[in-house]
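Residues in the sequence shown are numbered consecutively from 292, following my numbering.
Single-structure report; data block below.
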Amino acid sequence: MSLDTAIFALIYLASAYSLFWLGKVVFDLIHREFKVNEELLQKDNAALAISLAGYYFGLVLVIGGAIVGPSAGLVDDLIDIFLYGLLAIVLLNISTVINNRLILYRFDNTTEIIRDQNVGTGVVVSATYIATGLILFGAISGEGGTIWTALAFWGLGQVALVIVSLLYERITPYSIHEHIERNNVAVGVAFAGALIGMGNILRYAVSGDFESWNANLTTFGLYAAIGLVALPLIRIATDKILLPGASMAAELVEQERPNLGAAYIIMFSYIGSSFIIGWCL
Numbered sequence: 292m293s294l295d296t297a298i299f300a301l302i303y304l305a306s307a308y309s310l311f312w313l314g315k316v317v318f319d320l321i322h323r324e325f326k327v328n329e330e331l332l333q334k335d336n337a338a339l340a341i342s343l344a345g346y347y348f349g350l351v352l353v354i355g356g357a358i359v360g361p362s363a364g365l366v367d368d369l370i371d372i373f374l375y376g377l378l379a380i381v382l383l384n385i386s387t388v389i390n391n392r393l394i395l396y397r398f399d400n401t402t403e404i405i406r407d408q409n410v411g412t413g414v415v416v417s418a419t420y421i422a423t424g425l426i427l428f429g430a431i432s433g434e435g436g437t438i439w440t441a442l443a444f445w446g447l448g449q450v451a452l453v454i455v456s457l458l459y460e461r462i463t464p465y466s467i468h469e470h471i472e473r474n475n476v477a478v479g480v481a482f483a484g485a486l487i488g489m490g491n492i493l494r495y496a497v498s499g500d501f502e503s504w505n506a507n508l509t510t511f512g513l514y515a516a517i518g519l520v521a522l523p524l525i526r527i528a529t530d531k532i533l534l535p536g537a538s539m540a541a542e543l544v545e546q547e548r549p550n551l552g553a554a555y556i557i558m559f560s561y562i563g564s565s566f567i568i569g570w571c572l
């Protein structure tokens, strides 16, 4: 590593942390009904901590998308980092509104996370941030794209995540809303895996250089369709292969204490499968 490379890396790192600070400021301004430091340090609110960690990780992914690949020079790289970083802060905060209205639409996320300290809700909100960050990472990491292509694929990605949530509700023999509202963390963790898995599949769909709207939208639609078809198949495979002899639904909702370990296996199956799907396509 040359001295110039090391200096550039430190500058990029400082830029990233300045965006984290700005992201926190925006988050605090939007959520004036509570104080983040008070919730985290005095009330030990794990639900908010998990949600906020997903927010920052989503921002990391977008910054990474602007950094990876050939350098266009320090000034141009910094312009990309701040341009897409600021865009990410806006879009991540809009994504959580979409989550509240269209994904976990039967209750208010802020009430669940702040008043009830509902970790199950916090995990799902965190997953929305991460899935959105993955999609934006893919959309901006290649060449030929613009801020408009990033916005378009972000919007399409949100539609796909909403469809995943509706399909997931249909293929599970229980209501995810009902059990997450009861603070069933296991149900939230399993559902979060499906959201992140789809976000990762869509990352593969939009990664690489932007060729044309026709070509890239066709690829996006193909990957999204495969992800939706794979969702119920992965759930069946988890029951039959990873945890034979057990019913995932029974482990998550029919026990006095929901099996969080089984939920982690389900989460892994969705996220792990998303990588295999991406590598194979």
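Backbone N, C-alpha and C fix where the C-beta goes; we use that ideal spot for every residue, glycine too.
Quick caveat: nothing in here was measured; it's all calculated off a predicted structure.
Counted within 10 angstroms of its Cβ, other Cβ atoms place residue i as buried (16 or more) or exposed
i    : result
N328 : exposed
N505 : exposed
G376 : buried
E434 : exposed
I316 : First, the residue type needs correcting, since residue 316 is Val and not Ile in the sequence shown. When all chains shown are included, V316 counts as exposed.
F511 : buried
V353 : buried
Y514 : buried
V497 : buried
A528 : exposed
D295 : exposed
G536 : exposed
E526 : It is Arg, not Glu, that sits at residue 526 in the sequence shown. Label assigned to R526: buried.
E469 : exposed
S417 : buried
G479 : buried
S565 : buried
G429 : buried
I370 : exposed
V455 : buried
A553 : buried
C-alpha gap between residue i and residue j, whole angstroms
i    : j    : result
L313 : A541 : 43 angstroms
A443 : L425 : 14 angstroms
I517 : K334 : 43 angstroms
F325 : S503 : 44 angstroms
Q449 : G488 : 14 angstroms
L310 : S538 : 44 angstroms
L378 : L534 : 41 angstroms
T440 : Q546 : 46 angstroms
L543 : Y465 : 10 angstroms
L383 : L374 : 14 angstroms
A521 : V366 : 43 angstroms
I298 : A305 : 11 angstroms
V351 : A485 : 21 angstroms
L343 : T402 : 15 angstroms
L508 : G446 : 12 angstroms
A477 : I532 : 20 angstroms
I431 : Y396 : 30 angstroms
A357 : L301 : 16 angstroms
R461 : D368 : 44 angstroms
S293 : I438 : 32 angstroms
E472 : R548 : 15 angstroms
F559 : L457 : 20 angstroms
L427 : L332 : 31 angstroms
Y561 : D319 : 32 angstroms
Same chain, Cβ closer than 6 angstroms to residue i, five either side skipped, listed in chain order
i    : result
N474 : N409 and G411
F348 : I421
A307 : I354
F413 : Checking the sequence shown, residue 413 turns out to be Gly, not Phe. Cβ neighbours of G413 beyond the five flanking positions: A338, I341, S342 and I404.
Cβ neighbours of residue i in the same chain (closer than 7 angstroms, five flanking residues each side left out)
i    : result
G569 : N491, I492 and Y495
F482 : V415, Y459 and I467
G499 : G433
A451 : M489, L493 and A515
I557 : A481, G484, T529 and M539
S386 : T419, Y420, T423 and Q449
Within-7 angstroms CB hit, residue i to chain B
i    : result
A540 : Of the protein chains in this structure there is only one, and it is not chain B.
Contacting residues, own chain, Cβ-Cβ under 8 angstroms from residue i (five flanking each side not counted)
i    : result
V453 : I389, L393 and I394
N391 : D399, N400 and T401
N336 : E330, I404, I405 and Q408
N550 : A477, E542 and L543
Could you give the uninterrupted runs of the alpha helix (DSSP H) lying entirely in the stretch 462-486, keeping only those of 4 residues or more? 467-472
Let me know the alpha helix (DSSP H) ranges lying completely inside the stretch 336-388, each 4 residues or longer, listed in chain order. The stretch 336-388 contains these whole alpha helix (DSSP H) runs: 337-358.
Can you list, in chain order, the stretches of the beta strand (DSSP E) that have 3 or more residues and sit fully within the stretch 303-328? With a minimum length of 3 residues, no continuous beta strand (DSSP E) run stays inside the stretch 303-328.
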